[in-house]
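J.:
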């Protein structure tokens, strides 16, 4: 079991690597629920797989796509699901999955729509207490970020106090937010270098999704007094802010031209 080696590495403060690959799972919802392996929680629907609870969603596996378009996916026991249960129209219709895309079979035929990205149910949006994800692709990308946040132990930091995988986490999070500032809503998809990721609790090692916020450089500088003080002491940040203000003016002029 390499006990002595593990002890040596721990004593030397080497990071503990954690498997980060997301295992894609796709199972019959009703069967696994009967086995007691499905749980509805406030932040999603969980499936017990190999001793670990995995977060996912459920969707109808066979639908009349030609008449009613693609089915919605669900991440909680919402009003739609409760109504289906009351009508006896719930069992044996759903699959549980954590995939980015799924296959939907056309009801009454052998036709299969492959690699479908589903939209979230409207009732789930209304009732979900946590931050919801519009599509199954958004949901899968959020799992990638959460997995990335756990790859390296916080004791393995860079010289600035960030985890050494922070660059990858920041990039994926900004992609997920479509390079839009979460405060002023400026779209920086053409000027990505000016969009940054803020740790809400100021803990640079807490890379959980709920602790991250996409902010343009100006909003990030002004998020609190600590960041304003850091800005005053950084010539580099001051230069970058001036460049960003030039970008703001350019974007404003383009919007005015389009309006005109």
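Numbering (our numbering), first residue to last: 8 to 267. Backbone N, C-alpha and C fix where the C-beta goes; we use that ideal spot for every residue, glycine too.
#1: Just to confirm, are residue 32 and residue 99 a CB contact at a threshold of 7 Å?
#2: Can the beta-carbon of residue 125 be found less than 7 Å from the beta-carbon of residue 167?
#3: What residue range is occupied by the uninterrupted alpha helix (DSSP H) comprising residue 230?
#4: Between 95, 72, 179, 101, which lies nearest to residue 116 when the distance is taken from Cα to Cα?
#5: Assuming residue 202 and residue 221 form a contact by the criterion Cβ under 8 Å, report the distance between their Cβ atoms to the nearest whole angstrom.
#6: Residue 69: which of 198, 43, 111, 62 sits nearest, CA to CA?
#7: For the alpha helix (DSSP H) containing residue 217, list its first residue and its last residue.
#8: Sorted by chain position, which residues of the same chain lie with C-beta nearer than 7 Å to residue 213's C-beta, five sequence neighbours on each side aside?
#9: Pick out the complete beta strand (DSSP E) segments inside the stretch 58 to 136, 3 residues or longer, and give them in chain order.
#10: Would you list the one or two residues that DSSP bridges to residue 1?
#11: If you compare alpha carbons, which of 123, 122, 121, 142 is closest to residue 131?
T.: Put simply:
#1: As a first step, residue 32 is located in the chain shown; it is residue number 25 there, counting from the start. As a first step, residue 99 is located in the chain shown; it is residue number 92 there, counting from the start. In this structure, residue 32 keeps its C-beta atom at 7 Å or more from the C-beta atom of residue 99.
#2: On the chain shown, residue 125 is found 118 positions in, with the first residue counted as 1. On the chain shown, residue 167 is found 160 positions in, with the first residue counted as 1. No.
#3: By 1-based counting over the chain shown, the position of residue 230 is 223. First-last for residue 230: undefined, no H or E at that position.
#4: Working through the chain shown from its first residue, we reach residue 116 at position 109. Distances from the CA of residue 116 to each of 95, 72, 179, 101 were compared; the closest alpha carbon is that of 72.
#5: Here residue 202 corresponds to residue number 195 of the chain shown, with the count starting at 1. Here residue 221 corresponds to residue number 214 of the chain shown, with the count starting at 1. Going by Cβ atoms, the distance from residue 202 to residue 221 rounds to 6 Å, so yes, they are a contact pair.
#6: Taking the first residue of the chain shown as position 1, residue 69 is located at position 62. Residue 111 holds the alpha-carbon nearest to the alpha-carbon of residue 69 among 198, 43, 111, 62.
#7: Counting from 1 along the chain shown, the entry for residue 217 is found at position 210. If you look at residue 217, you'll find it isn't in any alpha helix (DSSP H); DSSP assigns it neither H nor E.
#8: The residue labelled residue 213 in the question sits at position 206 within the chain shown. The residues are 206.
#9: Counting only runs of 3 or more, we get 59 to 67, 101 to 104, 109 to 113, 119 to 123.
#10: With the chain running from 8 to 267 in the structure shown, residue 1 is simply not present.
#11: If you number the chain shown from 1, residue 131 lands on position 124. Comparing Cα positions, the closest option is 142.
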